[in-house]
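Undergrad: Residue numbering for the sequence shown is 1183 to 1480, as defined by my numbering. Backbone N, C-alpha and C fix where the C-beta goes; we use that ideal spot for every residue, glycine too.
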Amino acid sequence: LFTEAYKPLYRAIPDLERRDTIVIAAPTAEDDNWVGCCGYYTGTFEFSWMGIPPTGHQVAMRFHEFYRIVDNLVVEMQALWDIPEMMMQANAWPMTPSLGREWHVPGPATQDGISDLPYDEKTSNTSLQHIIDMLTAMKKHPSKGGPEVMEMEKYWHPRMSWYGPSGIGTCRGIDGFRNWHQIPFLKAMPDRGQYVDEINYHFFAERNYVGVTGWPNMIQSITHDGWLGIAPVGKKITMRSLDFWRIENGLIRENWVMVDLLDMYNQIGVDVFARLHEFNKARPSNLTTSVSEKSQHD
């Protein structure tokens, strides 16, 4: 893990720091103990990383990391880093433009995503059930009716924020969520939610926060209108989506979402990193030398 993942990241960003905005820990219905972390890595991007050209400036890369704990040891890790976010900050974007707003996604508005309060089983279970009921209703559309069958006003705050990954972007309010994410998503993959018997979720909650991870936790086919500029290949794909929700006064106020878009592109035969290379092969791969040399003459 260190050699293949963290060490190259540290080399590219020597002053790397980790900023957690949400940390929750709780058992699942299967009595597994999970810890979920949401936040971002940040520092000065000095060396090329995964073919992404450095900027010499501070960058931020979101992460959602889930750890399963047995006997006080981590036995499983399911994690997504928003690598496309790094591509975007380096002005090296190889994919289609996002429909949602691209920005530095904030932590919880209430600033209580990390707490040392005792575990509140009643509140946690209520939050968890709210999310499960919401997802159950959401999966009814479009196979069992129009948007009304999702009863979104029953579950979501009218001023909710949906923080998608780079490549999808952020959406504000129910209409914003529908316009900039859900409608294009379902037009491309209307069989969403039809293969739940083939996937395995891990839901857990602490107080007003709920997390879910699955590897994968979505299966559908890209058909009809296509999605994110991807042609309707008619192929069944899996999607890894790691989520956090914050509930406020019985409604979902914020939803942090990470989707493995790179893996999805790979399943349909599109090498995002090859496109990245072709778009940026004339750019320098190391800015540190030039920055250091300049500072010596200033």
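Can Thr1203 and Tyr1222 be called in contact, C-beta distance under 9 angstroms?
TA: It is a contact, given that the beta carbons lie within the stated cut-off.
Undergrad: Distance cutoff 9 angstroms, beta carbons only. Does Leu1183 sit that close to anything in chain B?
TA: Absent here is chain B; the protein component of the structure consists of one chain.
Undergrad: Return the CA-CA distance between Pro1236 and Trp1409, expressed in angstroms with no decimal places.
TA: Those two C-alpha atoms are separated by around 29 angstroms.
Undergrad: Since Ala1456 is in the alpha helix (DSSP H), which residue starts that stretch and which ends it?
TA: 1454-1462 is the span of the alpha helix (DSSP H), which, as asked, contains Ala1456.
Undergrad: Less than 8 angstroms between C-beta atoms, sequence neighbours within five positions excluded: which residues of the same chain meet that for Leu1433?
TA: Tyr1337, Trp1338, His1339, Met1342, listed in sequence order.
Undergrad: Just the C-alpha distance for Arg1374 and Pro1290, rounded to the nearest angstrom, thanks.
TA: Between Arg1374 and Pro1290, the C-alpha separation is close to 28 angstroms.
Undergrad: Quick one: which unbroken beta strand (DSSP E) runs of 3-plus residues sit fully inside the stretch 1377-1412? Chain order, please.
TA: Counting whole runs of 3 or more residues, the stretch 1377-1412 contains the beta strand (DSSP E) stretches 1384-1388, 1391-1395, 1400-1404.
Undergrad: Evaluate Gly1416 with the Cβ neighbour count: other Cβ atoms within 10 Å of its Cβ, from every protein chain shown; 16 or more gives buried, anything less gives exposed.
TA: Classification of Gly1416: exposed, given that the 10 Å Cβ count is below 16.
Undergrad: What does a CB cutoff of less than 7 angstroms around Asn1462 pick up in its chain, not counting 5 residues either side in sequence?
TA: Excluding positions up to five away in sequence, the list reads Pro1235, Ala1274.
Undergrad: With a threshold of 6 angstroms on Cβ separation, who are the neighbours of Trp1231 within its own chain once the five nearest residues in sequence on each side are excluded?
TA: Once the five neighbours on either side are set aside, the close Cβ partners of Trp1231 are Ala1194.
Undergrad: Say whether the stretch 1349-1359 touches the stretch 1301-1314, bearing in mind that this needs 3 or more beta-carbon pairs closer than 8 angstroms, one atom from each stretch.
TA: Contact between the stretch 1349-1359 and the stretch 1301-1314 is absent, because fewer than three Cβ pairs lie under 8 angstroms.
Undergrad: Using three-state DSSP, classify Asn1273 as helix, strand or coil.
TA: It is coil, neither helix nor strand.
Undergrad: Nearest to His1428 by CA position, among Ile1313, Ile1365, Gly1233, is which residue?
TA: In the sequence as presented, His is not what sits at residue 1428; that position holds Arg. Nearest C-alpha to Arg1428: Ile1313.
Undergrad: Tell me which same chain residues have a C-beta within less than 7 angstroms of the C-beta of Glu1380, skipping the five on either side of it?
TA: Here the set comprises Ile1401.
Undergrad: Using the Cα positions of Val1257 and Arg1250, report the straight-line distance between them to the nearest angstrom.
TA: Going from the Cα of Val1257 to the Cα of Arg1250 covers about 6 angstroms.
Undergrad: If you check the beta carbons only, do Phe1245 and Met1440 fall under 9 angstroms apart?
TA: Yes, the Cβ-Cβ distance between Phe1245 and Met1440 is below 9 angstroms.
Undergrad: Between the alpha carbons of Tyr1345 and Ala1211, how many angstroms are there, rounded?
TA: The straight-line gap from Cα to Cα measures roughly 26 angstroms.
Undergrad: Is the stretch 1389-1406 close to the stretch 1416-1426, with three or more CB pairs under 8 angstroms?
TA: The answer is yes - the stretch 1416-1426 touches the stretch 1389-1406, with three or more Cβ pairs under 8 angstroms.
Undergrad: For Arg1341, list the residues DSSP reports as bridge partners.
TA: Arg1341 pairs with nothing; no bridge assigned.
Undergrad: Pop quiz: Met1320 and Leu1458 are said to be a contact at Cβ under 8 angstroms. What is the actual Cβ separation, rounded to whole angstroms?
TA: 33 angstroms between Cβ atoms; not a contact.
Undergrad: What are the boundary residues of the beta strand (DSSP E) that includes Gly1179?
TA: Here the chain covers residues 1183 to 1480 and nothing more, so residue 1179 does not appear.
Undergrad: Could you please give the first and the last residue of the uninterrupted beta strand (DSSP E) stretch that includes His1363?
TA: Where His1363 is concerned, there is no enclosing beta strand (DSSP E), given that its DSSP letter is neither H nor E.
Undergrad: Quick check: what's the CA-CA separation for His1363 versus Lys1369?
TA: His1363 and Lys1369: Cα-Cα distance of roughly 10 angstroms.
Undergrad: If you drop the 5 nearest sequence neighbours on each side, which residues of the same chain put their C-beta closer than 6 angstroms to that of Cys1353?
TA: Result list for Cys1353: Gly1282, Trp1344, Phe1359, Trp1362, His1363, in chain order.
Undergrad: For Gly1295, tell me which candidate among Met1259, Glu1186, Pro1347, Glu1388 has the shortest Cα-Cα distance.
TA: Gly1295 has its Cα closest to that of Glu1388, out of Met1259, Glu1186, Pro1347, Glu1388.
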